[in-house]
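Please read the structure below before turning to the comments.
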Ligand code: NIG
Ligand code: FE
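Residue numbers (the working numbering): 770 to 1193.
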């Protein structure tokens, strides 16, 4: 079988021989090889090493790519997005610029409910086509694996329509996709005073179809004051877990109301957002402290700096979480309301600029730890034999730190997906 040999790579980044979820000081450990080669076979990484040690007798090399002067990284693993939506919301953005608050906008029918109304009016094909275009843009920006949530349907028809779109994306996408059911994103207007009614609809109306059609890998809830309480979160997640979905949560974006404790009790794979954290929350997330029920959490804290940036909120306490031994992932939260960008290069830059993560920490958080947050660490997230050859080839850069430093430049020369360059 034919193989592709990539030679003279100036810096090959995140080279590993085994998978480890990185916590604490290990997050800053980013193994790299200077002057490296890499061999791709069957779309996967087959070998890599120092140019000086290049031996490829047992590979039939049919193609040689000279990567002189280029840095090669594993493609970004974006573990938190709301990629499927019907329309952008820049009118709300302008209202905010003119001084309106999020609450004022929500009262005018804006926010998540605005997106839900537009989903109701859109066909599955329209949603698929617009999401496909967004996905294509992100892959060109270096994203090599992605998680996509529903949550703008808020009715049986709407949520199932969104999840079917995600399933179609999964079937046709060149990069791996994980699907998350976020029916509990907000209460639809007609259930504002009847929370139990909507929870019943999720459990008895949506989850059985999701189970039947295998539409999701995870269940997520927006656990916040004014949205879903910790008790409601538990009821919904347990019903999801009963059909085999693991938990991911939106927690502590706006308030600290016990969502972290709940995520630990639910053995959440990841807890995401984390803008508003108490010292106790940080200790719990790092496994420094047991939860009230005695459990020590070993999951992942996913930080979404572009959402904090767009909403002008305090950035997530990355340094404190890392120091508390929490495993940190970085993700884009791509959605029309709070992060209308899925550019992971920008996310990595903001992790460094605004949250004081080291370049090595931010790159690990956006690759291998992001892969773990989607349980895709066997497939993507590092340069390891047997993983997909989903790779970023940069333009010539003076050092690795230049990537997050030069935040406004497009430093990507080419992107390889499953061993093939895009647009080839
Ligand atoms: O993750 N916080 C909740 N949900 C989305 C934003 C929702 C919206 O405004 O559309 C988020 O930031
Ligand atoms: Fe989100």
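We put the beta carbon where it would ideally sit given N, CA and C, even for glycine.
Selected residue, minimal CA-CA separation from residue i, among the options
{"i": "residue 1070", "options": "938, 1033, 807 and 950", "result": "1033"}
{"i": "residue 1172", "options": "1158, 1159, 1113 and 1142", "result": "1113"}
{"i": "residue 933", "options": "949, 945 and 944", "result": "949"}
{"i": "residue 1029", "options": "936, 1058, 1149 and 1081", "result": "1058"}
{"i": "residue 1182", "options": "838, 1016, 1043 and 996", "result": "838"}
{"i": "residue 819", "options": "852, 779, 834 and 831", "result": "779"}
{"i": "residue 1075", "options": "1047, 1094 and 1124", "result": "1124"}
{"i": "residue 1020", "options": "1012, 1014, 1004 and 994", "result": "994"}
{"i": "residue 1099", "options": "1129, 817, 979 and 855", "result": "1129"}
{"i": "residue 1143", "options": "1017, 1088 and 1174", "result": "1017"}
{"i": "residue 976", "options": "843, 1005 and 996", "result": "1005"}
{"i": "residue 807", "options": "815, 800 and 801", "result": "815"}
{"i": "residue 1215", "options": "996, 1047, 891 and 772", "result": "Because the chain in this structure spans residues 770 to 1193, residue 1215 falls outside the shown range and cannot be described."}
{"i": "residue 1177", "options": "1138, 1009, 1141 and 1117", "result": "1117"}
{"i": "residue 887", "options": "865, 849 and 928", "result": "928"}
{"i": "residue 802", "options": "789, 821 and 792", "result": "821"}
{"i": "residue 954", "options": "962, 906, 974 and 880", "result": "880"}
{"i": "residue 824", "options": "774, 811 and 859", "result": "774"}
{"i": "residue 1160", "options": "1179, 1186 and 1148", "result": "1186"}
{"i": "residue 959", "options": "952, 924 and 972", "result": "924"}
{"i": "residue 951", "options": "926, 922 and 961", "result": "922"}
{"i": "residue 1014", "options": "1038, 1188 and 1060", "result": "1038"}
{"i": "residue 885", "options": "1111, 1105 and 844", "result": "1105"}
{"i": "residue 931", "options": "907, 961 and 892", "result": "892"}
{"i": "residue 1045", "options": "1062, 863 and 1077", "result": "1077"}
{"i": "residue 1025", "options": "1009, 786, 1192 and 997", "result": "997"}
{"i": "residue 1079", "options": "1108, 1062 and 1064", "result": "1108"}
{"i": "residue 781", "options": "1155, 868 and 1151", "result": "1151"}
{"i": "residue 785", "options": "1180, 1191, 1156 and 991", "result": "1156"}
{"i": "residue 1162", "options": "1146, 805, 875 and 842", "result": "842"}
{"i": "residue 1131", "options": "1170, 1146 and 1094", "result": "1170"}
{"i": "residue 796", "options": "1097, 905 and 827", "result": "1097"}
With 16 other Cβ atoms within 10 Å as the buried cut-off, status of residue i
{"i": "residue 1168", "result": "exposed"}
{"i": "residue 1085", "result": "buried"}
{"i": "residue 847", "result": "buried"}
{"i": "residue 1050", "result": "buried"}
{"i": "residue 966", "result": "exposed"}
{"i": "residue 1041", "result": "buried"}
{"i": "residue 1120", "result": "buried"}
{"i": "residue 1164", "result": "exposed"}
{"i": "residue 1133", "result": "buried"}
{"i": "residue 783", "result": "buried"}
{"i": "residue 989", "result": "buried"}
{"i": "residue 1067", "result": "exposed"}
{"i": "residue 872", "result": "exposed"}
{"i": "residue 986", "result": "buried"}
{"i": "residue 829", "result": "exposed"}
{"i": "residue 1136", "result": "buried"}
{"i": "residue 911", "result": "buried"}
{"i": "residue 1022", "result": "buried"}
{"i": "residue 1011", "result": "exposed"}
{"i": "residue 859", "result": "exposed"}
{"i": "residue 1002", "result": "buried"}
{"i": "residue 1101", "result": "buried"}
{"i": "residue 926", "result": "exposed"}
{"i": "residue 792", "result": "buried"}
{"i": "residue 738", "result": "No answer is possible for residue 738: it lies beyond the span of the chain, which begins at 770 and ends at 1193."}
{"i": "residue 883", "result": "buried"}
Delimiting residues of the alpha helix (DSSP H) encompassing residue i
{"i": "residue 1086", "result": "Neither: residue 1086 is in no alpha helix (DSSP H) and is coded neither H nor E."}
{"i": "residue 862", "result": "859–866"}
{"i": "residue 817", "result": "No alpha helix (DSSP H) contains residue 817, which is instead part of the beta strand (DSSP E) from 813–819."}
{"i": "residue 1040", "result": "Note, residue 1040: premise wrong, no alpha helix (DSSP H); beta strand (DSSP E) at 1039–1042."}
Unbroken beta strand (DSSP E) run spanning residue i, endpoints
{"i": "residue 1026", "result": "Per DSSP, residue 1026 belongs to no beta strand (DSSP E) and is neither H nor E."}
{"i": "residue 839", "result": "Premise fails: residue 839 is in no beta strand (DSSP E) and is neither H nor E."}
{"i": "residue 947", "result": "946–953"}
{"i": "residue 851", "result": "Taken as a continuous stretch (DSSP letters only), residue 851 belongs to no beta strand (DSSP E), as it is neither H nor E."}
{"i": "residue 991", "result": "987–992"}
{"i": "residue 1185", "result": "1181–1186"}
{"i": "residue 779", "result": "771–782"}
{"i": "residue 801", "result": "801–810"}
{"i": "residue 1176", "result": "First-last for residue 1176: undefined, no H or E at that position."}
{"i": "residue 1162", "result": "1160–1163"}
Open item on the list: Within 8 Å, do at least three Cβ pairs link the region 894–913 to the region 939–953?
Closed with: yes
TODO: Evaluate the contact criterion for the region 918–934 versus the region 842–859: three or more CB pairs, one atom per stretch, below 8 Å.
DONE: yes
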